[in-house]
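Asker: Sharing a structure with you now.
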Amino acid sequence: MGTLNRRLAGLGISAVLGVATLLLPAAAAQASDGCTARGDGTYNCNVWTYAPSFYENNVATGGGVHAGTNYFYCQATGSEVNLNGYHNNWWAKTDDDNGHKNVWVNVVYLSGGANDQAEPGLPLC
Numbered sequence: 517m518g519t520l521n522r523r524l525a526g527l528g529i530s531a532v533l534g535v536a537t538l539l540l541p542a543a544a545a546q547a548s549d550g551c552t553a554r555g556d557g558t559y560n561c562n563v564w565t566y567a568p569s570f571y572e573n574n575v576a577t578g579g580g581v582h583a584g585t586n587y588f589y590c591q592a593t594g595s596e597v598n599l600n601g602y603h604n605n606w607w608a609k610t611d612d613d614n615g616h617k618n619v620w621v622n623v624v625y626l627s628g629g630a631n632d633q634a635e636p637g638l639p640l641c
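Structure representation (structure tokens):
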């Protein structure tokens, strides 16, 4: 829950978190705790805001992943990304919403982790 508070604070809505959390169904609250296995070798993770995607070597795809539940394959370390005072050097592999396959999204955009920490529940590549 601390990570969700931290990320929502960057959006300026942390004051309503306590009330909103009480109104969320259990599945929605669980989404912020990291990734969960889908049973097909991929993992559902919550993306809290639009996340740009990149090919290896930091080459932008021009696409990205929209906020909400998205599937990911695994994660690995890479270059640091800073966003609204948060930072992370872990990257999650996925297929983006624009049709780019095997691309990378920095986990700073995923709910559940902490600065420079791997995303909970997502295996290493």
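Residue numbering for the sequence shown follows this note's numbering, starting at 517 and increasing by one per position.
All C-beta atoms in this analysis are idealised placements derived from N, C-alpha and C, irrespective of residue type, glycine included.
Which ranges would you report for the beta strand (DSSP E) in the segment 555-628 if only whole runs of at least 3 residues count?
Answerer: Entirely contained in the segment 555-628, the beta strand (DSSP E) runs reaching 3 residues are, in chain order, 559-563, 567-571, 575-581, 584-588, 590-599, 602-610 and 619-622.
Asker: Would you tell me roughly how many angstroms separate the C-alpha atoms of R554 and N600, rounded to the nearest one?
Answerer: For R554 and N600, the distance between alpha carbons rounds to 30 Å.
Asker: For A634, which residues does DSSP report across the bridge?
Answerer: DSSP output for A634 lists no bridge partner at all.
Asker: Is the beta carbon of P639 less than 7 Å from the beta carbon of G550?
Answerer: In this structure, G550 does not lie closer than 7 Å to P639 by Cβ.
Asker: Using the C-alpha atoms, what's the distance from N604 back to G557?
Answerer: C-alpha separation (whole angstroms): 24 Å.
Asker: With distances taken Cα to Cα, identify the nearest neighbour of Q633 among A608, H616, D612 and W620.
Answerer: The shortest Cα separation from Q633 among A608, H616, D612 and W620 belongs to A608.
Asker: Taking just the CA atoms, how far does T593 sit from C561?
Answerer: Cα to Cα, C561 sits roughly 17 Å from T593.
Asker: CB T577 to CB V619, shorter than 7 Å?
Answerer: Cβ atoms of T577 and V619: closer than 7 Å.
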